[in-house]
Amino acid sequence: GKKQYDREFLLDFQYMPPCI
Amino acid sequence: QHPLHYRWVLWFFKNDRSRPWQENLQPVTRFNTVEDFWATYRHIKLASKLSSGCDYALFKDGIQPMWEDYRNKRGGRWLLSLAKQQRHTELDRLWLETLLCLLGESFEEFSQEVCGAVVNIRTKGDKIAVWTSEAENQAGVMHIGHVYKERLGLSAKTIIGYQAHADTAAKSNSLAKNKFVV
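So the protein sequences, as listed, match chains A and B.
Each residue of the first sequence is one higher than the one before, counting from 1 in this note's numbering.
Each residue of the second sequence is one higher than the one before, counting from 1001 in this note's numbering.
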């Protein structure tokens, strides 16, 4: 399916540490 | 990791008149997840911190950020021209919002019409544009324009225009006429 994300969802990841 | 619908390429342009134009435009990185986008974004300078004459461009993988690419040739751009003082107050917010519109596929079924976006850092006033692939597709271009204007939080009296690349290319002073406005 189409990967559609709203701005709040995208912004939630802004300061997350990268996965290892 | 959260996959994006497309893989995207971030390009950087630095104006060096001693070199051919195309050599000044280089891909910096590719990513196709939300996490990798933010890793890139945090790593690079904000648009407002670039020198005049520089650009960032974010395009779908496989499309070069130039009119000559066959995916752009018949297309055009929604263009936002900023006043000089907006570099320090609004440029970074508007450019990030533009990126989030693209990466989140915010234009519904018309997101496939989007080729990429460009921010030009210029002394006389910065510019942000969303490039689409088909200037004659009025329904798609207008939908993208309405959504984009709303997402940028522009007031109703602020008008943004869409110009066909063919018209821009024909003008040496970059004052191509607007094909559509929202």
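Cβ coordinates follow ideal geometry from the N, Cα and C atoms, glycine included.
Cβ separation of residue i and residue j, assumed to be a contact under 8 Å, to the nearest whole Å
| i | j | result |
| --- | --- | --- |
| THR1132 (chain B) | GLU1113 (chain B) | 5 Å |
| ALA1162 (chain B) | TRP1078 (chain B) | Rather than Ala, the amino acid found at residue 1162 (chain B) in this sequence is Tyr. Going by Cβ atoms, the distance from TYR1162 (chain B) to TRP1078 (chain B) rounds to 5 Å, so yes, they are a contact pair. |
| ASN1120 (chain B) | ASP1055 (chain B) | 5 Å |
| LEU1080 (chain B) | LYS1127 (chain B) | 7 Å |
| LYS1073 (chain B) | TRP1067 (chain B) | 7 Å |
| LEU1050 (chain B) | ASN1032 (chain B) | No, LEU1050 (chain B) and ASN1032 (chain B) are not in contact; Cβ-Cβ is about 25 Å, not under 8 Å. |
| HIS1165 (chain B) | GLY1076 (chain B) | 5 Å |
| HIS1143 (chain B) | PHE1110 (chain B) | 5 Å |
Residue j beta carbon less than 7 Å from that of residue i
| i | j | result |
| --- | --- | --- |
| ARG1087 (chain B) | SER1048 (chain B) | yes |
| LEU1189 (chain B) | PHE1012 (chain B) | No statement about residue 1189 (chain B) is possible, as the shown extent of chain B runs from 1001 to 1182 and does not include it. |
| SER1106 (chain B) | VAL1141 (chain B) | no |
| LYS1157 (chain B) | VAL1182 (chain B) | no |
| ALA1057 (chain B) | VAL1130 (chain B) | no |
| LEU1152 (chain B) | GLU1090 (chain B) | no |
| LEU1010 (chain B) | VAL1028 (chain B) | yes |
| CYS1101 (chain B) | ARG1071 (chain B) | no |
| ASP1092 (chain B) | LEU1025 (chain B) | no |
| SER1172 (chain B) | ARG1122 (chain B) | no |
Local Cβ density within 10 Å of residue i, reported as buried at 16 or more and exposed below that
| i | result |
| --- | --- |
| GLN1138 (chain B) | exposed |
| TRP1008 (chain B) | buried |
| ALA1083 (chain B) | exposed |
| ARG1159 (chain B) | Contrary to the premise, residue 1159 (chain B) reads as Ile rather than Arg in this sequence. Label assigned to ILE1159 (chain B): exposed. |
| GLN1001 (chain B) | exposed |
| GLN1064 (chain B) | buried |
| GLY1 (chain A) | exposed |
| TYR15 (chain A) | exposed |
N-terminal and C-terminal residue of the alpha helix (DSSP H) that residue i is part of
| i | result |
| --- | --- |
| LEU1004 (chain B) | That residue, LEU1004 (chain B), is in no alpha helix (DSSP H); its beta strand (DSSP E) goes 1003-1013. |
| VAL1034 (chain B) | 1034-1043 |
| ASP6 (chain A) | No alpha helix (DSSP H) contains ASP6 (chain A), which DSSP labels as neither H nor E. |
| ALA1129 (chain B) | First-last for ALA1129 (chain B): 1127-1132, but that is the beta strand (DSSP E), not the alpha helix (DSSP H). |
| TYR1148 (chain B) | 1138-1152 |
| ALA1083 (chain B) | Element bounds for ALA1083 (chain B): n/a, residue is neither H nor E. |
| ALA1166 (chain B) | 1165-1170 |
The beta strand (DSSP E) enclosing residue i, as first and last residue numbers
| i | result |
| --- | --- |
| SER1091 (chain B) | First, the amino acid is wrong: residue 1091 (chain B) is Leu here, not Ser. LEU1091 (chain B) -> not in any beta strand (DSSP E); alpha helix (DSSP H) instead, spanning 1091-1103. |
| THR1158 (chain B) | Where THR1158 (chain B) is concerned, there is no enclosing beta strand (DSSP E), given that its DSSP letter is neither H nor E. |
| GLY1116 (chain B) | 1114-1120 |
| ASP1055 (chain B) | 1055-1060 |
| TRP1021 (chain B) | Segment: none, TRP1021 (chain B) is in no beta strand (DSSP E) and carries neither H nor E. |
| LEU1046 (chain B) | Careful: LEU1046 (chain B) lies outside any beta strand (DSSP E) and carries neither H nor E. |
Quiz prompt | Residues within the segment 1031-1043 of chain B neighbouring chain A, beta-carbon criterion of under 9 Å | solution = VAL1034, GLU1035, ASP1036, PHE1037, TRP1038, ALA1039, TYR1041 and ARG1042
Quiz item: In chain order, what residues of the segment 1092-1123 of chain B put their CB closer than 7 Å to some CB of chain A?
Solution: Listed by position, the residues of the segment 1092-1123 of chain B near chain A (Cβ gap below 7 Å) are LEU1100, LEU1103, GLY1104 and GLU1105.
Exercise. Taking a Cβ distance cut-off of 8 Å, strictly less, list which residues of the segment 1140-1172 of chain B are near chain D, in chain order.
Key: In the structure shown, chain D cannot be found, because the protein chains are A and B.
Exercise. Taking only beta carbons into account, state which residues of the segment 1002-1027 of chain B come closer than 9 Å to chain A, listed in chain order.
Key: HIS1002, PRO1003, LEU1004, HIS1005 and TYR1006
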